[in-house]
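Right, one structure below, let's go through it.
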Amino acid sequence: MPEVIDFHIHILQKEQYNPPSLDFVRRLNPETFEERMAIIAHPASLKAHLQKEGVHYGVILAENAPVTTGMVPNEFVAQFCRGEEMLIPFASINPNNEADPAARLVYCVEELGMRGLKLLPPYGLYYPNDVSIYPVYAEAQRLRIPVLIHTGSSTFRGSRMKYGDPLYLDDVAVDFPRLTIVMAHSGRGPFYERAFFLARHHSNIYMEISGLPPQRLLDYFPEFERNADKTIFGSDWPAIPQGIGDNIRDFCALPLKSSTMEKVLYRNAERILFGG
Ligand SMILES: [Zn+2]
2 MPEVIDFHIH ILQKEQYNPP SLDFVRRLNP ETFEERMAII AHPASLKAHL QKEGVHYGVI
62 LAENAPVTTG MVPNEFVAQF CRGEEMLIPF ASINPNNEAD PAARLVYCVE ELGMRGLKLL
122 PPYGLYYPND VSIYPVYAEA QRLRIPVLIH TGSSTFRGSR MKYGDPLYLD DVAVDFPRLT
182 IVMAHSGRGP FYERAFFLAR HHSNIYMEIS GLPPQRLLDY FPEFERNADK TIFGSDWPAI
242 PQGIGDNIRD FCALPLKSST MEKVLYRNAE RILFGG
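For the sequence shown, position 248 matches number 249 in our numbering, and the numbering has no gaps at all.
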């Protein structure tokens with residue numbers, strides 16, 4: 002089996018997640034829902050599960066979207082990942098419910114030890130090139146942490162797709178040339194072509210393929226190999242119908258060069274997370 006970094010894992014907890022969003026996750030795979038919730042309740046069980054599924058490192062995402070999905074607090078994610086080498090915590094900042102979003106990011110990185118940032122513009126209801134979020138990018142660039150940004154569609158009630166248009170990231174890439182920008186879901190739905198082009202065009206923009214059925218990737222991106230150095234594997238588990246290992250297997254079954262698979266499953270994420 003190849004080495005794998007999963008760039009997109011959620012550890013939602015029932016108490017702080019909105020009931021309709023929790024129901025959505027339940028309906029994706031009703032038989033395994035309780036088992037999945039039990040796995041993500043503790044770092045030890047999540048680590049054991051990731052090892053079983055063939056994942057070497059997992060990016061664990063906070064979520065700050067009270068009007069749509071709910072909260073997975075930064076402090077919770079930081080605590081969950083503390084001392085766990087294979088779990089890499091990403092903070093989540095929402096400029097619409099923080100008095101000082103940039104200061105909050107600095108706190109998450111310098112005090113809580115978080116190693117990246119997740120933004121959810123379609124859930125937080127702001128454009129990713131809005132002035133309210135620009136100081137956050139400036140700090141992320143200074144702190145040399147990557148920013149993973151939701152692009153494309155979402156089925157969660159209350160989210161708005163216009164904020165998920167990757168074209169707005171063109172501004173961000175131009176204004177923050179040393180910031181690493183990763184497009185979660187690669188513009189899922191109406192924006193695949195746009196996401197693909199942006200990743201080709203800007204050295205600091207990457208595609209991330211979580212939440213997409215791997216067996217359809219070459220339909221969505223016929224020239225997938227051309228972005229071999231700019232594409233990153235992620236699952237979006239447990240908010241997907243199948244398991245992470247199933248996703249890895251389906252991806253490995255695509256007619257791609259083995260060097261492309263290695264880059265997408267591991268090397269590109271390794272470079273972003275660990276340098277080198
Ligand atoms: Zn997700």
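A virtual CB, placed ideally from N, CA and C, is assigned to each residue, including glycine.
Using CA coordinates, which residue listed in Ala79, Arg116, Leu62 and Ile134 is at the minimum distance from Ala100?
Position 99 of the sequence shown, counted from the start, is the residue given in the question as residue 100. It is Ile134 whose Cα lies nearest to the Cα of Ala100.
For a test of the three-state rule: what should DSSP assign to Leu168, helix, strand or coil?
One-based indexing of the sequence shown puts residue 168 at position 167. Of the three classes helix, strand and coil, the one that applies to Leu168 here is coil, per DSSP.
Take Tyr8 as the anchor and find which of Cys253, Ile150 and Ser259 has the nearest alpha-carbon.
One-based indexing of the sequence shown puts residue 8 at position 7. Residue identity check: residue 8 is Phe in the sequence provided, not Tyr. Checked all of Cys253, Ile150 and Ser259; the closest Cα to Phe8 is Ile150.
Grouping DSSP H, G and I as helix and E and B as strand, with all else coil, what is Met162?
Along the sequence shown, read from residue 1 onward, the residue named residue 162 stands at position 161. Of the three classes helix, strand and coil, the one that applies to Met162 here is helix, per DSSP.
Please determine, among Pro122, Asp171, Arg143 and Arg189, the residue with the shortest C-alpha to C-alpha distance to Gly159.
Counting from 1 along the sequence shown, the entry for residue 159 is found at position 158. Ranking Pro122, Asp171, Arg143 and Arg189 by Cα distance to Gly159 puts Pro122 first.
Can you find the residues in the same chain that come closer than 8 Å, C-beta to C-beta, to Leu113, ignoring five residues on each side of it along the sequence?
As a working note, residue 113 is residue 112 in the sequence shown. Excluding residues within five positions, the ones whose Cβ falls inside 8 Å are Asn75, Glu76, Ala79, Pro90 and Ala92.
Just to confirm my understanding: we take Asp247, look at its own chain, exclude 5 residues before and 5 after, and list those with CB closer than 6 Å. What are they?
For this step, residue 247 is matched to residue 246 along the sequence shown. Excluding positions up to five away in sequence, the list is empty.
Starting from Gly190, trace the alpha helix (DSSP H) both ways and give me its first and last residue.
Residue 190 sits at position 189 when you count from the first residue of the sequence shown. It is not in any alpha helix (DSSP H) - Gly190 carries neither H nor E in the DSSP assignment.
Using the three-state DSSP reduction, which class does Tyr18 fall into: helix, strand or coil?
Here residue 18 is taken as the residue at index 17 of the sequence shown, counted from 1. Reduced to three states, the DSSP call for Tyr18 is strand.
May I ask which residues mark the beginning and end of the beta strand (DSSP E) holding Val60?
For the purposes of this step, residue 60 is taken as the residue at position 59 of the sequence shown. Val60 -> beta strand (DSSP E) spans Tyr58 to Leu62.
Indicate whether Val148 and Tyr138 have their beta-carbon atoms separated by less than 8 Å.
Mapped onto the sequence shown, residue 148 falls at position 147. Mapped onto the sequence shown, residue 138 falls at position 137. Taking 8 Å as the Cβ cut-off, Val148 and Tyr138 qualify as a contacting pair.
When the Cα atoms are used, what is the spatial distance from Gly71 to Ala254?
Walking along the sequence shown from the start, residue 71 turns up at place 70. Walking along the sequence shown from the start, residue 254 turns up at place 253. Taking the straight line from one Cα to the other gives about 35 Å.
Cα-Cα separation, Phe192 to Pro223:
Locating residue 192 in the sequence shown gives position 191, counting from the first residue. Locating residue 223 in the sequence shown gives position 222, counting from the first residue. If you take the alpha carbons of Phe192 and Pro223, they lie about 14 Å apart.
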